[in-house]
Amino acid sequence: MTKEELIIKLKAIVKPYIQDEEAFKNLTEETDFINDLKINSANLVDVILDVEDEFNIEIDNDSMEKMLSVKAAMQIIEEKLSA
């Protein structure tokens with residue numbers, strides 16, 4: 001899976017939870033889920049559960065705590081998929 005494909009899938013997953021439409025349109029690897037997209041912590045848990053379902057992976061608590069940006073999410077997903 002390419003980085004572009006991964007970003008497209010992540011965009012589809014986070015879209016229902018975003019509060020900042022403009023930041024979402026300009027989403028990059030550097031986008032922060034909480035500060036840029038204004039996703040609250042409860043919804044961030046939903047995003048993580050949706051990521052687990054979409055990619056058929058299990059994200060442990062340590063990884064969950066690190067998953068605060070698009071880049072971190074991509075690294076965790078790639079790591080779990082290659083395991």
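For the sequence shown, full-length UniProt numbering gives the first residue as 1, with consecutive numbering after it. Glycine included, each C-beta is placed from N, C-alpha and C at the ideal position. As the structure is a computational prediction, the values presented were derived from the model and not from experiment.
Exposure label - residue i; buried when at least 16 CB within 10 Å
i: D60; result: exposed
Cα-Cα separation, residue i to residue j
i: T31; j: P16; result: 16 angstroms
i: E52; j: L10; result: 11 angstroms
i: M74; j: S41; result: 19 angstroms
i: S82; j: M1; result: 11 angstroms
i: L44; j: E54; result: 15 angstroms
i: residue 113; j: E5; result: This structure leaves residue 113 out entirely; the chain is present only between 1 and 83.
i: M64; j: E29; result: 17 angstroms
i: D20; j: L27; result: 11 angstroms
i: E22; j: D46; result: 21 angstroms
i: I7; j: D62; result: 22 angstroms
i: F24; j: K3; result: 17 angstroms
Coil, strand or helix - residue i by DSSP
i: D53; result: helix
i: D60; result: coil
i: D36; result: coil
Whole-angstrom C-beta distance between residue j and residue i, which should lie under 8 angstroms
i: I18; j: K38; result: 7 angstroms
i: I57; j: K80; result: 4 angstroms
> So does the segment 23-37 actually touch the segment 68-82, counting three or more Cβ pairs closer than 8 angstroms?
Replying inline: Using a Cβ-Cβ distance cut-off of 8 angstroms, the segment 23-37 and the segment 68-82 are in contact, since at least three pairs of beta carbons, one from each stretch, lie closer than that value.
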